[in-house]
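Encoded as structure tokens, the structure appears first; notes follow it.
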Amino acid sequence: MSVLVINCGSTSLKVAIVDANSGARLEELRVERLGTPQAAVHFADHSTSPAPATLDEVFTQLLPDWLDGLAADITCVGHRVVHGGPTFTSPTRINDQVFEQLLETVHLAPLHNPAGLAGIAGARQLLPNVPHVAVFDTAFHATIPPRASTYALPHELAKQHGLRRYGFHGTSHQFVAHRTAAFLQDDIRNLRIITCHLGGGCSVCAVEYGRSVETSMGMTPLEGLVMATRCGDVDPAALLHLMRSEDLTADALESLLNGESGLLGLTGGTSDFRDVERRAEEGDERCRLAIQVFCHRIRKYIGAYAAVMGGVDAIVFTAGIGQHSATVRHHVCQRLEFLGARLEEVANRELSLSASQSIAEFSARHSRVKLLAARTDEAWEIARLAEQVGASDTPTPTPRPIPVAISARHVHLTQATVEALFGDGHQLTPLKTLSQPGQFAAEEVVTLVGPKRSLPGVRVLGPTRNANQVEISRTDEFFLGIDAPIRASGDTANTPGITLLGTAGREVTLTGGVLCAWRHIHMTP
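Every number in the working numbering is 5 more than the matching position in the sequence shown, counting from 1.
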């Protein structure tokens, strides 16, 4: 499947025809410094030519000629859109209604979304007969729970203005997490992965069993790590003090935080990490400090995200700095042994990635946590996601109701727990047979006692098992006040406990075993 992938920025445009299955580039070009006298088109054969003066002319003059003879093979167009807001939480097929809704997201990313939407409009006119799909940087982070996405601001004010954490670089984090699982020859639903996207923009993401549960960027890409020209985390009161002391307007402060801070502000002269490293080696103290601040912030987030997930199985570095800077990987990883992550210095120094080796390990032989560097490929991920959605006739995602019945809320008990709850020698009494032979819903029910509330009448399923497990819905989780992870049924490691009430005041407190189960099907042989 050949997918035309369009990444449209305010002064640049990247276009590629990508094989959605292999990631191979069939053709590609980029336009740089759009709207300036220096605007140029760079082609895949390394040739260049002057660029049209405007983005409209790119779509009406340059791309029609470039696509001549290629358009017939294009089955779908994938568009990178930076911010999907609260409405768009997955890749979405674009029609007129969706495009109007996309216009409402402009205020959330005024530096990025207008260009992306202009690209969508131009491409829909250029290729009107193929599906167009918007792939959002924020979509992968839609699974971040409210406890991590909510700012501690007045509720009504935050709701009115959409003030919450969205996260970015989602396409890259998603791609790298799946590549990591494939490299480790494991199901991503078994892994806790921390991905570090370190380029001009930088972010860290906690991927717990395939889902983003935390990320360092917030409502905008300004929050989190130190970046090339962005400051990352700063005490808001320091900014208020700066505004008053320097008589700065909001626009001036925004420009300072986005374009004059980060590595550029720390070094006083460069935002290119290669130059920062070179000058640090030559003895520049400001550049040495910049590297220390940069790496300290990354290490701090890694430690925090390991705590959020209750551990980590792999830490992955990607993007320009992440995959090329052995210095950064060394500084970040050298004090992570307490997590079970041990660095192999020689492997780190000699690590080199290429098209044929897009991911490599640099952890020590006996390191429990795998340390990896990987090439990211956002265009391939956009192509893959766009092809999946473009093949569907559904223009927008359809919300899926979550059933709360026996299948979504039940308990499995050991014989010892059954007797502790219902009396010595008690055996489960079948009430209704289930579709899986030998399985049944029992007459016995228990009350789940959580930190906030109790939930009575929860059915016990039989027969007894060799381990206790409590499966609840997301709604039950909030009702009970329990932070239950989403897991495959049976994967109860590092899960919270709960108190069960049986008959005649009998109770058992479990130390673990409570989870929200992944979608699954029980089948006979």
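Don't be surprised by glycine CBs; every beta carbon is placed ideally from N, CA and C.
Residue environment: N499 is assigned as exposed (fewer than 16 neighbouring CB atoms within 10 Å of its CB, all protein chains considered). Here DSSP, grouped into helix, strand and coil, assigns Q190 to coil. For the pair D252 and G206, the Cα-to-Cα distance works out to about 28 Å. Considered as a whole, the stretch 408–484 harbours 415–417, 435–438, 445–454, 459–467 and 474–476 as its complete beta strand (DSSP E) runs of no fewer than 3 residues, in chain order. For C13, the enclosing beta strand (DSSP E) has its first and last residue at S7 to C13. A489 places its beta carbon 8 Å or farther from that of L466.
Counting C-beta atoms within 10 angstroms of its own C-beta, D429 has fewer than 16 neighbours from the protein chains shown and is therefore classed as exposed.
In the DSSP assignment, D24 is bridged to S7. Counting only runs that start and end inside the stretch 112–172, the beta strand (DSSP E) elements of at least 3 residues fall at 137–141. For the 8 Å CB-CB criterion, H146 and G175 form a contact. Separation of L453 and A312 (C-alpha to C-alpha, rounded to the nearest whole angstrom) is 26 Å. Buried is the label assigned to F278, since at least 16 other Cβ atoms lie within 10 Å of its Cβ.
Residues I22, D24, L31, D78, I79 and T80 of the same chain have their beta carbon placed closer than 7 Å to that of S7, with the five preceding and five following residues left out of the count. Within a 10 Å sphere around the beta-carbon of S266 sit 16 or more other beta-carbons, which makes this residue buried. Shown here, C236 sits in coil according to DSSP, grouped into three states, outside any helix or strand.
Nearest Cα to A379 within the set L358, V394 and S368: L358. Per DSSP, reduced to three states, the secondary structure at A58 is coil, with no helix or strand assignment.
Under the criterion of beta carbons closer than 8 Å, F299 and V239 do not qualify as touching, at roughly 15 Å. Nearest to S17 by C-alpha distance, out of E259, E37, L68 and A29, is E37.
Assignment of I487 by DSSP, reduced to helix, strand and coil, places it in the coil class. By the criterion of a C-beta distance shorter than 6 Å, G223 is surrounded in its chain by R170, once the five residues flanking it on both sides are discounted. Separation of the CB atoms of C210 and H178 is rounded to 4 Å, and the pair is thereby assigned contact status at 8 Å.
S208 is positioned such that its CB atom lies no closer than 8 Å to that of T225.
Between the alpha carbons of A472 and I149 lies a gap of roughly 29 Å.
Close CB contacts of V10 within its chain, under the 6 Å cut and outside five residues either way in sequence, are with A21, V23, G83, A384, I387 and A388 (chain order). A Cβ-Cβ distance of about 13 Å is found for the pair E476 and L505, leaving them out of contact under the 8 Å criterion.
Between H51 and the set T381, L34 and L113, the nearest pair of CA atoms involves L34.
Here F48 carries a strand assignment [DSSP, helix/strand/coil]. Contact annotation, G502 with L515: C-beta distance approximately 4 Å; criterion of less than 8 Å satisfied. Collapsing the DSSP output to three states places F322 in a strand.
T94 carries a coil assignment under DSSP once its states are collapsed to helix, strand and coil. For S17, the three-state secondary structure derived from DSSP is coil. Per DSSP, the continuous alpha helix (DSSP H) segment holding I307 begins and ends at E290 to M314. DSSP, reduced to helix, strand and coil, places A257 within a helical segment of the structure shown. When secondary structure is reduced to three states using DSSP, V231 falls in the coil class, being assigned neither helix nor strand. Scanning G288, D496, A421 and E366 for the CA closest to the CA of L348 turns up E366.
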